[in-house]
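Residue numbering for the sequence shown follows our numbering, starting at 7 and increasing by one per position.
Positions of the beta carbon are idealized from the N, C-alpha and C atoms, including for glycine.
Here is the structure we will look at, set down as structure tokens.
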Amino acid sequence: MGKLRNLGRELLLFLIGGMGYFCLELIWRGWSHPAMVLVGGLCFLGVGRINEVLNWNIPLVWQALLGAAIITAIEFISGCILNLWLKLGIWDYSYMPGNLLGQICPLYMALWYLLAFPVIVADDYMRWRICGEEIPHYKLI
């Protein structure tokens, strides 16, 4: 029963993160693609695992930097599959300075860094309030 409960919790967080990112894209770009629910859910789970795997004493600014790296890695892999291989054309950063294959760029990595802060806090808050896990606490620097 414990494994099923853990799977349900992770699925809930995946869906919340995925739908949250989908809605954020609607606000930011005016449209999104259904695949972004999956990409957003993976990013939410990946960033949310940071202080589940690492120590709470890691400053939040470093957690956010690691979160930006996780999101960027997922974005690159997803972009290679969705945009380059499947040719869905969901995003294209080829016009951005410093881009890699048009799938990631420094500007969006900086935006992912800023987005990682509320994602970390939201994940921790939901794990505490909904899942009954440890009360979140942070060290900023």
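1) Comparing C-alpha positions only, which one of Lys9, Tyr144, Tyr119 and Cys137 sits nearest to Val53?
2) For Leu94, does the three-state DSSP call read helix, strand or coil?
3) With a cut-off of 8 Å, do at least 3 Cβ pairs link the segment 82 to 96 to the segment 53 to 63?
4) Please classify Ile126 as buried or exposed, where buried requires at least 16 neighbouring CB atoms within 10 angstroms.
5) Nearest to Ala122 by alpha carbon, out of Gly8, Gln109 and Asn57?
6) Please say whether Leu71 and Leu146 have beta carbons closer to each other than 8 Å?
7) Between the alpha carbons of Gly104 and Trp97, how many angstroms are there, rounded?
8) Find the nearest neighbour of Ala79 within the set Ile110, Glu140, Val43 and Tyr99, judged by alpha-carbon distance.
9) Going straight from the alpha carbon of Glu31 to that of Val45, what length do you get?
10) Which residues does DSSP list as the beta-bridge partners of Ile33?
11) In whole angstroms, what separates the C-alpha of Trp62 from that of Ala128?
According to the structure data:
1) One-based indexing of the sequence shown puts residue 53 at position 47. The candidate whose alpha carbon is nearest that of Val53 is Tyr119.
2) Working through the sequence shown from its first residue, we reach residue 94 at position 88. It is coil, neither helix nor strand.
3) no
4) Residue mapping note: residue 126 aligns to position 120 of the sequence shown, counting from 1. By the neighbour-count rule (16 or more Cβ atoms within 10 Å), Ile126 is buried.
5) Here residue 122 is taken as the residue at index 116 of the sequence shown, counted from 1. Nearest option by C-alpha distance: Asn57.
6) Translated into the one-based positions of the sequence shown, residue 146 becomes position 140. Translated into the one-based positions of the sequence shown, residue 71 becomes position 65. It is not a contact, given that the beta carbons lie outside the stated cut-off.
7) Within the sequence shown, the letter at position 98 stands for residue 104. Within the sequence shown, the letter at position 91 stands for residue 97. Each residue's Cα considered, the two are about 16 Å apart.
8) Indexing the sequence shown from 1 puts residue 79 at position 73. If we check each option's Cα against that of Ala79, Ile110 comes out closest.
9) Counting from 1 along the sequence shown, the entry for residue 31 is found at position 25. Counting from 1 along the sequence shown, the entry for residue 45 is found at position 39. Rounded to whole angstroms, Glu31 to Val45 spans 12 Å at the Cα level.
10) Position 27 of the sequence shown, counted from the first residue, corresponds to residue 33. DSSP output for Ile33 lists no bridge partner at all.
11) As a first step, residue 62 must be located in the sequence shown, where it is residue number 56. As a first step, residue 128 must be located in the sequence shown, where it is residue number 122. Looking at the two C-alpha atoms, the distance is approximately 15 Å.
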